[in-house]
Amino acid sequence: MPSPVLAAAIQMNSTAEVERNLDAAERLVSAAADRGARLVGLPENFAFLRSEGQPVPEAQALDGAWVRRMSELSRRHRLTLLLGSLPERIEGETRVYNTSVLLGPDGGTLATYRKIHLFDIDLPGLEHLKESRAVRPGEALVVADTPAGRIGLSICYDVRFPEMYRRLSRDGARVLAVPSAFTDRTGKDHWEILLRARAIENLAYVFAPAQAGPHGKGRASYGHAMIVDPWGAVLAQVPDGEGVAIAELDFDRQDRLRRELPALDHRRLDDK
Numbered sequence: 657m658p659s660p661v662l663a664a665a666i667q668m669n670s671t672a673e674v675e676r677n678l679d680a681a682e683r684l685v686s687a688a689a690d691r692g693a694r695l696v697g698l699p700e701n702f703a704f705l706r707s708e709g710q711p712v713p714e715a716q717a718l719d720g721a722w723v724r725r726m727s728e729l730s731r732r733h734r735l736t737l738l739l740g741s742l743p744e745r746i747e748g749e750t751r752v753y754n755t756s757v758l759l760g761p762d763g764g765t766l767a768t769y770r771k772i773h774l775f776d777i778d779l780p781g782l783e784h785l786k787e788s789r790a791v792r793p794g795e796a797l798v799v800a801d802t803p804a805g806r807i808g809l810s811i812c813y814d815v816r817f818p819e820m821y822r823r824l825s826r827d828g829a830r831v832l833a834v835p836s837a838f839t840d841r842t843g844k845d846h847w848e849i850l851l852r853a854r855a856i857e858n859l860a861y862v863f864a865p866a867q868a869g870p871h872g873k874g875r876a877s878y879g880h881a882m883i884v885d886p887w888g889a890v891l892a893q894v895p896d897g898e899g900v901a902i903a904e905l906d907f908d909r910q911d912r913l914r915r916e917l918p919a920l921d922h923r924r925l926d927d928k
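According to the numbering used here, the sequence shown holds residues 657 to 928 in order.
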């Protein structure tokens, strides 16, 4: 495994305008590649985003035009490219999967992950969202070997479930990917704390592309795409607006930290 690897977490402001979103994704990925990034991540719902819980007739199969276009982009720049998530069509059902696709430098698919934990909340006077109206939950955890290290996949609301990340880490993940569209109201109090906690608990890099700003009626995302190191330090972030957070993933340093603070070896209550 190469060390260090230059990683880029992209921040977008996606809407229901697919071509606009894909053009922005291509522009931002290319900008990250021009700066030397070898691992690049797009946020949750990078190609299509509107109010939570609405039907998504625009959903595609994973060999559809959106993935094909991004596959060509990863091949052109020789990148490991995380498509944070897109609505995956389910035959015979109105709901979709919220699915991450991890592409290799040859444009081929290395792994796919379907979001397990769905964002159904009711904060009186603040926010009511029900992702499960339009999305079917996934079932399987996914860890993938890539040229940029072994990556554990997750999406947004998953970050509130630490047991998931412990299992990803136990399965060998060195990098925990958390592409997100965190709401503005919850993000300002919880986003950075949750990402840093998952990094510290697992002595892992956390790689968190994000959505930012308004996406249509009644929905806005917090932004702050960031990369966190295994000690819990924020290495890079984009506060608001479009942008790219770039930082080195130093796996030699991660190994040293895991030797010096071997908390992963000391656990006693985990289902080993």
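Just so you know, even glycine gets a beta-carbon here, dropped at the ideal spot from N, CA and C.
Legend entry - DSSP bridge partner residues for glutamine 867 (one or two, in chain order): Met668
Inset, instruction - Grab me the residues of glycine 843's own chain with a C-beta within less than 6 Å of its C-beta, minus the 5 sequence neighbours each way, in chain order. - result: Tyr878
Legend entry - Boundaries (first-last residue) of the beta strand (DSSP E) holding valine 884: 881 to 884
Inset, instruction - May I have the straight-line CA-CA distance separating leucine 742 from serine 756, to the nearest angstrom? - result: 7 Å
Legend entry - Same chain, Cβ closer than 7 Å to arginine 830, five either side skipped, listed in chain order: In chain order, Gly805, Arg806, Ala860, Tyr861, Phe907, Gln910 place their CB closer than 7 Å to the CB of arginine 830, counting only its own chain and leaving out the 5 sequence neighbours on each side.
Legend entry - the segment 720 to 727 / the segment 847 to 858 touching (three or more Cβ pairs under 8 Å): Look at the beta carbons and you see the segment 720 to 727 not touching the segment 847 to 858: under three pairs across the two are nearer than 8 Å.
Legend entry - Cβ-Cβ distance between leucine 698 and proline 835 below 9 Å: yes
Legend entry - Three-state secondary structure assigned by DSSP to isoleucine 746: coil
Legend entry - Start-to-end residues for the beta strand (DSSP E) that takes in serine 756: 752 to 759
Inset, instruction - Using three-state DSSP, classify serine 686 as helix, strand or coil. - result: For serine 686, the three-state secondary structure derived from DSSP is helix.
Inset, instruction - Inspect the CB distances between the segment 912 to 921 and the segment 673 to 689 and report whether three or more fall short of 8 Å. - result: no
Inset, instruction - Could you check the C-alpha separation between leucine 905 and tryptophan 887 for me, to the nearest Å? - result: 12 Å
Legend entry - Neighbourhood of serine 810 by C-beta, 6 Å cutoff - its chain only, sequence neighbours within 5 removed: Val834
Inset, instruction - Buried or exposed for leucine 738, please, with buried defined as at least 16 other CB atoms from any protein chain shown within 10 angstroms of its CB. - result: buried
Inset, instruction - Give the DSSP bridge partners of tyrosine 769, in chain order. - result: Ser756
Legend entry - Buried versus exposed, by CB contacts within 10 Å (16 or more), glutamate 819: Its Cβ having fewer than 16 others within 10 Å, glutamate 819 is exposed.
Legend entry - Endpoints, the alpha helix (DSSP H) within which serine 825 is located: 818 to 826
Legend entry - Three-state class that DSSP yields for valine 674 in the structure shown: helix
Legend entry - C-beta contact flag for arginine 823 and leucine 797 at 9 Å: yes
Inset, instruction - Hey, could you find the ends of the alpha helix (DSSP H) glutamine 910 is sitting in? - result: 907 to 916
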